[in-house]
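Asks: Adding 2 to a residue's 1-based position in the sequence shown gives its number in my numbering. Ideal Cβ placement from N, Cα and C applies to all residues, glycine included. Because the structure is a prediction, the values reported are computed rather than measured. Starting off with a structure, shown below.
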Amino acid sequence: MLSDDEINRASAQLRNYQLDDTLSQILERYGALIEDYRRLKSDYEEERDARERYKQMAKGQDRNPFVLVLVDGDGYVFNDNLVDKSNPDAGRNAAHMLHDRVQESLRRKGLEHCAVMVRIYANVAGLSKILAKTGLIGQEGRSLSPFVASFNKSYGLFDFVDAGPLKENADFKLRAMLQLHAENAQCKHIYFAACHDVGYISELTSFVGKKDLFTLIKTPGINFHDEYTKLGLGVEELHGVFRNTPLNIPVPSTFARAASVPSSKTETSSPLGQGASKIVKAPSPDNTKNSNNNNNNNNKPANAQGISTKSSEAGASAVVCQHHLAGRCSFGQKCRNLHVSGSARTNVAWRDGPGQAKSPDQSKHLTSPEEFKSLPNKEDIPPGHVAVNEAGFRLDPYMPPSSAQAAEVIKSGGNRVCNIFHLTGDCPKGQDECEYGHSPLSENLKKGVEYLSRTFSCHQGGSCRDPECIQGHICQVADCQKRGGRRPCKIRQSAHLEKLSPVQYVPGVSSSRGSRNGSMSDLNGYASMQSNRRGSSQSPSIDAVDAGARLGGAVLF
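Take a look at the structure:
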């Protein structure tokens with residue numbers, strides 16, 4: 003048995019062991035606390051730096067705030083008293099008037115501290131010709147330029163920009179500026195003055211109800227489309243800035259006659275596109291009538307009213323050659339467009355689109371659905387070919403009224419189908435990858451899908467030779483706005499004046515799948531816009547959808 007001394011030594015040794023073990027545990031825990039502290043310190047420093055960056059960004063957003071005024075200058079024309087050829091400061095006066103009206107609106111919104119940035123996009127040459135006919139400015143070419151220069155030098159942030167003769171140019175600029183500044187924190191408000199054209203609806207749908215960010219400008223001089231009122235955005239009128247009445251210029255009778263006289267030629271030398279040759283001579287129901295009309299007019303000189311013989315033969319297209327008006331047409335008598343002298347110039351819309359000035363005879367052109375029956379039937383067009391009229395302008399197959407009725411059924415439904423697959427038989431994504439339906443459709447619904455596709459303009463217009471193009475090249479809506487009706491239309495203005503009788507069928511030139519009109523890569527957004535519409539009690543017309551969005555990868559039914 004152990005002695006007391008041995009027991010005491012063993013107890014002391016045990017206490018030492020316990021102290022050593024406790025110390026090691028304490029050291030281990032202390033080391034873990036140090037590591038945790040280091041991590042917390044690192045997180046704190048990162049959070050502190052992020053907060054400092056946020057403060058700097060917030061200061062930057064509050065620095066130099068401004069409001070943006072976007073104006074489509076071809077639709078929103080300044081008031082007559084602001085466009086005065088006798089006043090060299092007319093542009094400056096217009097800028098001051100616009101600035102004052104915007105400042106009044108900003109004071110009501112509590113944004114009077116913001117700078118005002120103005121961007122006006124217009125076709126200066128075309129607008130000059132139209133205003134010259136009213137006597138507001140001189141007759142010289144680009145006579146609006148002094149007004150533009152005076153406007154631009156009035157304020158540093160005021161710009162009146164010449165967008166060129168094509169409507170798409172101004173559309174492109176307006177959309178780009180809208181997308182850029184709508185998400186810019188320094189831009190506190192946007193005044194949008196392009197509500198005569200429903201093409202901008204798609205850009206504004208993502209801002210529905212944001213009255214604190216957007217104000218739509220209306221004026222009695224333009225048609226403020228109802229689709230804009232459904233967006234729930236602010237609507238104001240800048241009194242005294244823009245015209246209260248539209249620009250209505252009477253069309254000379256000589257031009258109206260030239261546009262209504264059909265050509266007596268049954269064969270034409272008009273360019274039909276590369277590789278085009280006459281395959282089938284399509285009968286024209288108007289040949290006999292045209293021949294009689296031409297016989298009655300044989301004794302009249304073709305250029306008696308300042309219009310050349312060639313332009314009289316091509317008068318059905320009713321497109322004035324702008325290069326000839328400027329004295330530099332390089333095609334001469336071979337030009338497809340009308341050669342009109344200065345005395346016979348007319349108010350041809352310099353930019354296609356709703357709200358633009360229309361010639362008086364436009365409302366009388368093709369208002370009866372019966373006239374569309376002159377178009378070729380789909381089964382009459384040889385495979386791989388396209389139908390063209392005497393001017394070489396592509397014609398679409400005739401769409402009977404039942405197609406329009408089927409289109410209404412499609413628009414009122416909710417399922418999404420792949421329109422390209424059902425119209426061409428081939429889906430570019432493949433049925434396994436495509437998110438839209440490929441289930442069989444009835445022939446009636448397929449006609450409705452095709453009808454909807456044809457209401458959106460092909461970007462190549464009448465020169466398109468792709469036999470599988472599913473978009474529209476001519477308008478088959480009798481009640482179209484561009485014919486004096488009520489329905490908005492996205493088909494080009496010039497296409498409404500084309501003859502609808504096919505003269506021949508020419509070989510098609512197929513586009514690559516990636517660039518073909520109506521392909522998946524080109525047609526995105528229609529389905530999402532339709533989804534937005536289903537939340538509304540009254541869907542706007544399909545023709546009111548932006549032409550840039552065109553027809554999406556799916557159709558709802």
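How far does the beta strand (DSSP E) with Gly236 in it extend, from its first residue to its last?
Replies: If you number the sequence shown from 1, residue 236 lands on position 234. That run of the beta strand (DSSP E) goes Gly236 to Glu238.
Asks: Going by other Cβ atoms of all chains shown within 10 Å of its Cβ, with 16 needed for buried, is Lys501 buried or exposed?
Replies: Against the sequence shown, residue 501 aligns to sequence position 499. Buried, by the Cβ-count rule.
Asks: Just tell me which of Gly128, Leu249, His183 and Ser503 has its CA closest to the CA of Leu397.
Replies: In the sequence shown, residue 397 corresponds to position 395, counting from 1. Looking at the Cα atoms, Ser503 is the closest of the given residues.
Asks: Check the DSSP bridge columns for His387 and list the partner residues they point to.
Replies: Along the sequence shown, one-based indexing puts residue 387 at 385. Answer by DSSP bridge pairing, in chain order: Pro509.
Asks: Could you pull the start and end residues of the alpha helix (DSSP H) that Phe160 belongs to?
Replies: For the purposes of this step, residue 160 is identified with residue 158 of the sequence shown, where counting begins at 1. Phe160 -> not in any alpha helix (DSSP H); beta strand (DSSP E) instead, spanning Phe160 to Asp164.
Asks: Around the Cβ of Asn421, are there at least 16 other Cβ atoms within 10 angstroms (buried) or fewer (exposed)?
Replies: Within the sequence shown, the letter at position 419 stands for residue 421. Label assigned to Asn421: buried.
Asks: Taking Cβ positions, are Leu474 and Ile493 nearer each other than 9 Å?
Replies: Taking the first residue of the sequence shown as 1, we reach residue 474 at position 472. Taking the first residue of the sequence shown as 1, we reach residue 493 at position 491. The sequence as given places Gly at residue 474; Leu does not occur at that position. Yes, these two residues count as a Cβ contact at 9 Å.
Asks: Output the boundary residues of the beta strand (DSSP E) element that contains Thr217.
Replies: Locating residue 217 in the sequence shown gives position 215, counting from the first residue. Residues Phe216 to Ile219.
Asks: Quick check on the DSSP output: what are the complete beta strand (DSSP E) runs of length 3 or more inside the stretch 89-141, in order along the chain?
Replies: List check, beta strand (DSSP E) in window: 117-124.
Asks: Just checking, does the stretch 89-103 make contact with the stretch 146-165 on the three C-beta pairs under 8 Å criterion?
Replies: Enough Cβ pairs lie closer than 8 Å, so yes.
Asks: Given a threshold of 16 other Cβ atoms within 10 Å of its Cβ, counted over all protein chains shown, does Gln15 qualify as buried or as exposed?
Replies: The residue labelled residue 15 in the question sits at position 13 within the sequence shown. Looking at its Cβ environment, which holds fewer than 16 other Cβ atoms inside 10 Å, Gln15 is exposed.
Asks: Are Arg245 and Asn81 touching if we call contact CB-CB under 9 Å?
Replies: The residue you call residue 245 lines up with position 243 of the sequence shown. The residue you call residue 81 lines up with position 79 of the sequence shown. Yes.
Asks: Which stretch, first to last residue, makes up the beta strand (DSSP E) that contains Leu176?
Replies: Residue numbering aside, residue 176 sits at position 174 when the sequence shown is read from its first letter. No beta strand (DSSP E) holds Leu176; the alpha helix (DSSP H) holding it covers Lys169 to Ala184.
Asks: Apply the 10 Å Cβ neighbour rule to Ile28 and answer buried if 16 or more other Cβ atoms are within range, or exposed otherwise.
Replies: Locating residue 28 in the sequence shown gives position 26, counting from the first residue. Exposed: under 16 other Cβ atoms inside 10 Å.
Asks: Using the C-alpha atoms, what's the distance from Leu206 back to Glu49?
Replies: The residue given as residue 49 occupies position 47 in the sequence shown. The residue given as residue 206 occupies position 204 in the sequence shown. Cα to Cα, Glu49 sits roughly 37 Å from Leu206.
Asks: Report the rounded CA-to-CA distance for Lys431 versus Cys197, giving the unit in angstroms.
Replies: Sequence index remark: in the sequence shown, residue 431 carries index 429 (1-based). Sequence index remark: in the sequence shown, residue 197 carries index 195 (1-based). Going by the C-alpha atoms only, they are around 36 Å apart.
Asks: Quick one: residues in its chain with C-beta nearer than 7 Å to the C-beta of Asp91, no 5 flanking neighbours on either side, listed in chain order?
Replies: Counted from its first residue, the sequence shown places residue 91 at position 89. Ser152.
Asks: DSSP three-state label for Ile493, please.
Replies: On the sequence shown, position 491 is the one that residue 493 refers to. Note: Ile493 maps to coil in three-state DSSP.
Asks: Shortest alpha-carbon distance to Lys2 belongs to which of Glu452, Gln433 and Cys429?
Replies: Lying outside 3 to 559, the shown extent of the chain, residue 2 is not represented and no answer is given.
Asks: Assign Pro378 to buried or exposed, taking buried as 16 or more other Cβ atoms, counted over all protein chains shown, within 10 Å of its Cβ.
Replies: What you label residue 378 is simply residue 376 of the sequence shown in a count that begins at 1. Pro378 should be labelled buried.
Asks: Span of the beta strand (DSSP E) holding Ala196?
Replies: Along the sequence shown, one-based indexing puts residue 196 at 194. Per DSSP, Ala196 belongs to no beta strand (DSSP E) and is neither H nor E.
Asks: Short check: CB of Leu72 to CB of Leu176, under 9 Å?
Replies: Taking the sequence shown and counting its residues from 1, the one referred to as residue 72 is at position 70. Taking the sequence shown and counting its residues from 1, the one referred to as residue 176 is at position 174. For Leu72 and Leu176, yes; Cβs fall inside 9 Å.
Asks: Of the choices Ile122, Leu138 and Leu249, whose alpha-carbon is the least far from that of Asn154?
Replies: Translated into positions along the sequence shown, residue 154 becomes position 152. Among Ile122, Leu138 and Leu249, the Cα nearest to that of Asn154 is on Ile122.
Asks: Taking Ala393 as the reference, which of Asp428, Phe423, Leu499 and Gly439 has the closest Cα?
Replies: Walking along the sequence shown from the start, residue 393 turns up at place 391. Of Asp428, Phe423, Leu499 and Gly439, the residue nearest in Cα terms is Leu499.
Asks: Measure the Cβ-Cβ separation of Val69 and Ala117 and say whether it is below 9 Å.
Replies: For this step, residue 69 is matched to residue 67 along the sequence shown. For this step, residue 117 is matched to residue 115 along the sequence shown. Cβ atoms of Val69 and Ala117: closer than 9 Å.
Asks: In terms of residues, what are the limits of the beta strand (DSSP E) holding Leu447?
Replies: Within the sequence shown, numbered from 1, the residue matching residue 447 stands at position 445. First-last for Leu447: Glu445 to Arg456, but that is the alpha helix (DSSP H), not the beta strand (DSSP E).
Asks: Use the C-beta contact count for Asp64: other C-beta atoms within 10 angstroms, 16 or more gives buried, fewer gives exposed.
Replies: Your numbering for residue 64 matches position 62 in the sequence shown. By the neighbour-count rule (16 or more Cβ atoms within 10 Å), Asp64 is not buried but exposed.
Asks: If you draw a straight line from the C-alpha of Leu240 to the C-alpha of Ala184, how long is it?
Replies: To locate residue 240, count along the sequence shown from 1; it is residue 238. To locate residue 184, count along the sequence shown from 1; it is residue 182. Near 21 Å, if we compare the C-alpha coordinates of Ala184 and Leu240.
Asks: Whose C-alpha, out of Asp164, Asp214 and Glu238, is nearest the C-alpha of Pro222?
Replies: Residue numbering aside, residue 222 sits at position 220 when the sequence shown is read from its first letter. It is Glu238.
Asks: Spatial neighbours of Arg40 within its chain, please: CB distance less than 6 Å, with the 5 preceding and 5 following residues excluded, ordered by chain position.
Replies: Position 38 of the sequence shown holds residue 40. Closer than 6 Å at the Cβ level, and outside the excluded window around Arg40, lies no residue.
Asks: For the beta strand (DSSP E) that Val243 lies in, which residues bound it at each end?
Replies: By one-based count along the sequence shown, residue 243 stands at place 241. It is not in any beta strand (DSSP E) - Val243 carries neither H nor E in the DSSP assignment.
Asks: May I have the straight-line CA-CA distance separating Glu229 from Ser459, to the nearest angstrom?
Replies: As a first step, residue 229 is located in the sequence shown; it is residue number 227 there, counting from the start. As a first step, residue 459 is located in the sequence shown; it is residue number 457 there, counting from the start. Going by the C-alpha atoms only, they are around 20 Å apart.
Asks: Could you work out which residue in Lys448, Ser88 and Asn10 is closest to Pro148 when comparing CA atoms only?
Replies: Taking the sequence shown and counting its residues from 1, one reaches residue 148 at position 146. Nearest option by C-alpha distance: Ser88.
Asks: Please list the terminal residues of the continuous beta strand (DSSP E) segment that includes Leu70.
Replies: Walking along the sequence shown from the start, residue 70 turns up at place 68. Segment Phe68 to Asp74, the beta strand (DSSP E) holding Leu70.
Asks: Give the secondary structure of Phe153 by DSSP, where H, G and I count as helix, E and B as strand, and everything else as coil.
Replies: Here residue 153 is taken as the residue at index 151 of the sequence shown, counted from 1. Phe153: helix per DSSP, three-state reduction.
Asks: To the nearest angstrom, how far is the alpha carbon of Ser465 from that of Ala480?
Replies: As a first step, residue 465 is located in the sequence shown; it is residue number 463 there, counting from the start. As a first step, residue 480 is located in the sequence shown; it is residue number 478 there, counting from the start. Roughly 23 Å separates the two Cα atoms.
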